[in-house]
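Scroll down for the structure; my scribbles are underneath it.
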Ligand SMILES: C[S@@+](CC[C@H](N)C(=O)[O-])C[C@H]1O[C@@H](n2cnc3c(N)ncnc32)[C@H](O)[C@@H]1O
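Numbering (my numbering), first residue to last: 90 to 342.
In structure tokens:
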């Protein structure tokens, strides 16, 4: 099994009807202020075509009031069985590394909380660039870390496999995402740090206790979370740029 296949197996286990409803509520709360800002900057019209890459069963692109929406996700067939899929969007199984649409088809491509789950984010950005019209837009929302915490995650991912975050094959700083956009021909319009929703409330879905995961759970509770909270405290003193949390980049092709 490849690293990505393992991540996807874990991803599949997370989702269900109740969890997707809770997630969607969080997404609406988090983005309701930003969506009108983006809409006004893009002069969006009803005939716009919008792609949601790694849309999951939540489909954040539906928050836009205008446009024809399309969503791709490799787990779409599984979500169709375990979740109630939203209406108003054409959904299909597919990966960001090979987007099943012609060049320049979309006015806007969005991807929320998916880039760090993918197999090859660089290839995905190339594909996004290909399917976005000239002068079109991309909105990427990614959970980012400070350079220091990113380094720790990468170290654990490579060398302490028993403690790695299985569902995340990649870890990024905000600067990494910015560079990824620029390297692939996008110019940044604006950036937004939305903070960290993770510690705001307890994880909504209790996962099944699997005995072999117990050491990891204990480690997370006793070491990782307190360490993280300390880092976050330092970050809040150092300023916004250094926050771990949801980061949104809005860029033009
Ligand atoms: C944490 S979920 C986020 C779902 C949704 N965007 C949201 O914000 O609720 C990450 C999603 O990325 C999808 N994903 C993983 N690898 C992908 C790839 N190579 N191309 C497109 N989507 C991928 C997963 O199947 C999963 O549905």
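Positions of the beta carbon are idealized from the N, C-alpha and C atoms, including for glycine.
Query                                                                                                          : Result
Short Cβ contact (8 angstroms threshold) for residue 205 with residue 283                                      : no
Contact test: residue 139 Cβ vs ligand 2 heavy atom, cutoff 7 angstroms                                        : In the structure on display, ligand 2 does not appear, and the ligands it does have are ligand 1.
As assigned by DSSP and simplified to three states, the class of residue 225                                   : strand
Proximity test, residue 162 beta-carbon vs ligand 1 heavy atom, cut-off 7 angstroms                            : yes
Distance cut-off 7 angstroms: residue 149 Cβ against heavy atoms of ligand 1                                   : yes
Inter-residue CB distance, residue 273 and residue 341 (contact presumed, cutoff 8 angstroms)                  : Incorrect: roughly 12 angstroms between the Cβ atoms, too far for contact.
For residue 347, three-class secondary structure by DSSP                                                       : Absent from the model: residue 347. The displayed extent of the chain is 90 to 342, so no value can be given.
Burial state of residue 131, where buried means 16 or more other Cβ atoms lie within 10 Å                      : buried
Three CB pairs or more closer than 8 angstroms across the segment 154 to 162 and the segment 98 to 117         : no
Classification of residue 158 by the beta-carbon crowding that lies within 10 angstroms, buried from 16 upward : buried
DSSP bridge partner residues for residue 181 (one or two, in chain order)                                      : 161
Inter-residue Cα distance where the pair is residue 160 and residue 184                                        : 10 angstroms
Closest by C-alpha distance to residue 84, when choosing among 174, 187 and 213                                : No statement about residue 84 is possible, as the shown extent of the chain runs from 90 to 342 and does not include it.
Cα-Cα separation between residue 133 and residue 257, rounded to whole angstroms                               : 33 angstroms
C-alpha distance - residue 292 paired with residue 313, whole-angstrom precision                               : With a pLDDT of only 42 at residue 292, under 50, the local geometry of the prediction cannot be trusted, and no value is derived from it.
Distance cut-off 7 angstroms: residue 201 Cβ against heavy atoms of ligand 1                                   : yes
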